[in-house]
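Since the structure comes first, as structure tokens, the remarks are kept for the end.
Protein chains: 2
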Amino acid sequence: MTDLSLIEAAAERLKGHARETPLLSSPFLDKLAGRRVLIKPECLQHTGSFKFRGAWSAISALDAETRARGVIAFSSGNHAQGVAHAAALHGVPATIIMPSDAPRMKIDNTRALGGEVVLYDRERESREEIGAELAETRGLTLIKPYDEPQVIAGQGTTGLEIARQARDAGVSEADVLICCGGGGLTSGIALALEGHAPGLRARTCEPEGFDDMRRSLASGQRERNPREGGNICDAILTPEPGEITFPIIKRLCGPGLAVSEDEALHAMALAFARLKLVLEPGGAVALAAALLRRGEIAGEAVIVVASGGNVDATQFRHALERYAE
Amino acid sequence: MTDLSLIEAAAERLKGHARETPLLSSPFLDKLAGRRVLIKPECLQHTGSFKFRGAWSAISALDAETRARGVIAFSSGNHAQGVAHAAALHGVPATIIMPSDAPRMKIDNTRALGGEVVLYDRERESREEIGAELAETRGLTLIKPYDEPQVIAGQGTTGLEIARQARDAGVSEADVLICCGGGGLTSGIALALEGHAPGLRARTCEPEGFDDMRRSLASGQRERNPREGGNICDAILTPEPGEITFPIIKRLCGPGLAVSEDEALHAMALAFARLKLVLEPGGAVALAAALLRRGEIAGEAVIVVASGGNVDATQFRHALERYAE
């Protein structure tokens, strides 16, 4: 069962391997947001996103014999890099199934980190089916991107750090805005906060048009997105909330938020200027909500998880051209 | 006297005010450098550079009455922002003398942080004279950018963190490459390492054509640069090594390094892609030396201080256009 003890056990396994990211801030962003803003920059995590945490957690939890046969993952890029790198550090092979329209940089990095990349067509093929078949024929263990207890536990270690760091910063009540795809990071953080910082409330942030979690939270049941691609926030485009993650998020999280592509780009430019951080669009939606949707948030402080920074230079330059002051 | 005890006392005063920056790494950069590379990202420090440390140290060391009258500083931008912000947090006024050709963003930020900015002509006027006169007429305390023991002590706290973090990372012998202007950061770090990590050796990194410290280390006496401006590494263009800083650097540091403007831009693009960090040219010269001058460094590991990230969007886009893969 996915609970606090699983997250605390994952934190033990991650010690000395995952990076404890700091909690950043800027008086300029506080002013813009109309409240204190604390940013957890998981773009500084190994492989440029929080995904390394879940990957390390899941791979390190396997028994030695199973692990030695290798792992397989399907991912648009960040989970791919996390699994490839965590597998390489464990000395085991990783096969990664990626959509053919994933950012080239993410595909290249996954290969460079030692992963064997298998491409598929996002509109016509099911990555789940391809993954299941390869896993069976090669004897590989499938590391799912979010609907997997040990992955959720690994992502949840971010929440343990937030609970401690927010307390050190004197913040005991705040919304914690989290970039959300399938809900692995959000559900893990929500469980960690429930146990260690009950005054902090997790809230999902998504791209408009891909706000399945927000609509699911509103209706009380898992809702699907009409499309599976076609948004710059590639890292967090998932068809629907996870089976395991949604009940946790429904029980613990506040109402979901959604922002436009332009707001994500604007937040990237602000993170560049004020935090000296490189964020990708999907890793910037929570910051965008904190800074540009202040009316949808309550309280004197807000905590933001900046979940990833794997962005092509062309797209980053575009964000700066559009929104840098 | 500027020594280890002054740095340790500054560290006590900075606790809870300056940010302890992490030590980052990337397998891609290790491969490029041909050795393990550990990066200390002071661009993530308050105000976007290490300068906040020295400013806080100096202002917090003043007696209450002196501090209340206010402080004054002369700076091309990073020391300006550090002093303005540290003064504002202490609730005292700050007057900042800046060259009229300083990056607009640094001037704007200094004003937004509460500093009163006085501009001067870098080629025709002496900032030291202007500073001394204003200090006297207004009763302000001058916070020098580097030739001031409490400023050196504040910058040296970076070295205390490096000593501990390198030990945690299993690195006991390495060159520590430091972006160097007047030598405040380098001398402070060198003293901290002498006391806490004697196997780590500080080395200065400068822009070619403004390598006064490298030439001074070679000749054994303080050498001047032929020019005072005209290089993209504006943060670290100083006329000559400091009177206080140079004897410390001469006693403790290895040979100086220098890189071209293009190498600094290249390092900025690599920090973008591999570390998700925004560096300014002057804050990237040490990383440039580590990655692009590997033959001038010895040992299995190298530590790099990425000292600042206050760069205009136009210049950052230029770096990505030229060097992003």
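Going down the list, the protein sequences come from chains A and B. So the first sequence is residues 1 to 325, counted in UniProt numbering. So the second sequence is residues 1 to 325, counted in UniProt numbering. We put the CB at the ideal spot given by N, CA and C, even for glycine. This one's a predicted model, so the numbers in the text were calculated from it and none came from an experiment.
**Report entry** Any C-beta of chain A under 8 Å from that of residue 317/B
**Finding:** yes
**Report entry** Boundaries (first-last residue) of the beta strand (DSSP E) holding residue 98/B
**Finding:** The continuous beta strand (DSSP E) containing residue 98/B extends over residues 94-99.
Query - Inter-residue CB distance, residue 259/A and residue 179/A (contact presumed, cutoff 8 Å) - result: So it is not a contact: roughly 10 Å between Cβ atoms.
Report task. Would you list, in sequence order, the uninterrupted alpha helix (DSSP H) runs of no fewer than 4 residues that lie entirely inside the stretch 70-142 of chain A? Result -> The stretch 70-142 of chain A contains these whole alpha helix (DSSP H) runs: 78-90, 104-112, 127-138.
Query raised in the report: Is there contact between the stretch 85-98 of chain B and the stretch 121-138 of chain B, where contact requires at least three CB pairs shorter than 8 Å?
Result: yes
Query raised in the report: Can you tell which of 83/B, 182/B, 145/B, 229/B has the C-alpha that lies nearest to the C-alpha of residue 109/B?
Result: 83/B
Query raised in the report: Does the distance from the CB of residue 291/A to the CB of residue 29/A come in under 8 Å?
Result: Cβ atoms of residue 291/A and residue 29/A: closer than 8 Å.
Query raised in the report: What's the C-alpha gap between residue 48/B and residue 89/A?
Result: 33 Å
**Report entry** 6 Å CB neighbourhood of residue 33/A in its chain, flanking five on each side removed
**Finding:** Taken in chain order, the residues that qualify are 290, 291, 294.
Query raised in the report: If you check the beta carbons only, do residue 146/A and residue 181/A fall under 8 Å apart?
Result: yes
Query raised in the report: Which chain A residues sit within Cβ distance under 7 Å of residue 281/B?
Result: The premise fails here: residue 281/B is roughly 14 Å from chain A at the closest Cβ pair, so nothing lies under 7 Å.
Report task. Using a Cβ-Cβ cut-off of 8 Å, state whether residue 233/B counts as contacting chain A. Result -> no
Query raised in the report: Using a Cβ-Cβ cut-off of 8 Å (strictly less than) and excluding sequence neighbours within five positions of residue 67/B, which residues of its own chain qualify?
Result: 59, 90, 92, 141
Query raised in the report: Excluding sequence positions up to five away, which residues of its chain have a Cβ less than 7 Å from the Cβ of residue 320/B?
Result: 269, 272
Query raised in the report: How is residue 198/A classed by DSSP in three states: helix, strand or coil?
Result: If DSSP states are grouped into helix, strand and coil, residue 198/A belongs with coil.
Query raised in the report: Going straight from the alpha carbon of residue 21/B to that of residue 40/B, what length do you get?
Result: 7 Å
Query raised in the report: When burial is assigned at 16 or more other CB atoms within 10 Å of the CB, is residue 121/A buried or exposed?
Result: exposed
Requested in this report: Measure how close the beta-carbons of residue 224/B and residue 240/B come, nearest whole angstrom, since I'm counting them as under 8 Å.
Outcome: 4 Å
**Report entry** Expected contact under 8 Å - CB spacing of residue 77/A and residue 234/A to nearest Å
**Finding:** So it is a contact: roughly 7 Å between Cβ atoms.
Report task. List the endpoints of the continuous beta strand (DSSP E) containing residue 236/A. Result -> If you look at residue 236/A, you'll find it isn't in any beta strand (DSSP E); DSSP assigns it neither H nor E.
Query raised in the report: If contact means a Cβ-Cβ distance below 7 Å, which residues of the stretch 32-55 of chain B contact chain A?
Result: 43, 44, 48
**Report entry** Span separating the alpha-carbon of residue 144/B from that of residue 280/B
**Finding:** 22 Å
Requested in this report: Could you confirm whether any beta carbon from chain A is found closer than 8 Å to the beta carbon of residue 27/B?
Outcome: yes
Report task. With residue 36/A as the anchor, note down where its beta strand (DSSP E) starts and where it stops. Result -> 36-41
Query raised in the report: Going along chain A, which residues have a C-beta under 7 Å from residue 320/B?
Result: 313, 316, 317
Report task. Tell me, please, whether the CB atom of residue 74/B is closer than 8 Å to any CB atom in chain A? Result -> no
Requested in this report: Have a look at 322/B, 303/B, 1/B and flag the residue whose alpha-carbon is nearest the alpha-carbon of residue 167/B.
Outcome: 303/B
Query raised in the report: Three-state secondary structure (DSSP) at residue 181/A?
Result: Three-state result, residue 181/A: coil.
Report task. Answer yes or no: does any C-beta atom of chain C fall closer than 8 Å to that of residue 270/B? Result -> The chain inventory of the structure shown lacks chain C, comprising the protein chains A and B.
**Report entry** Coarse secondary structure for residue 207/B, derived from DSSP in three states
**Finding:** strand
Query raised in the report: Are there 16 or more other CB atoms within 10 angstroms of the CB of residue 81/B, so buried, or fewer, so exposed?
Result: buried
Query raised in the report: Going along chain A in order, which residues have a C-beta closer than 9 Å to the C-beta of residue 11/B?
Result: Residues of chain A passing the Cβ test: none, with the nearest at roughly 17 Å.
Report task. Give a yes or no on whether the minimum CB-CB distance between residue 200/A and chain B is below 8 Å. Result -> no
**Report entry** Proximity below 8 Å, CB of residue 192/B to CB of residue 163/B
**Finding:** yes
Query raised in the report: Quick one: what's got a C-beta closer than 8 Å to residue 308/B's C-beta in the same chain, skipping five residues either side?
Result: 42, 43, 48, 49, 50, 51, 78, 179, 235, 279, 280, 282, 283
Query raised in the report: How big is the Cα-Cα spacing for residue 215/A and residue 248/A?
Result: 15 Å
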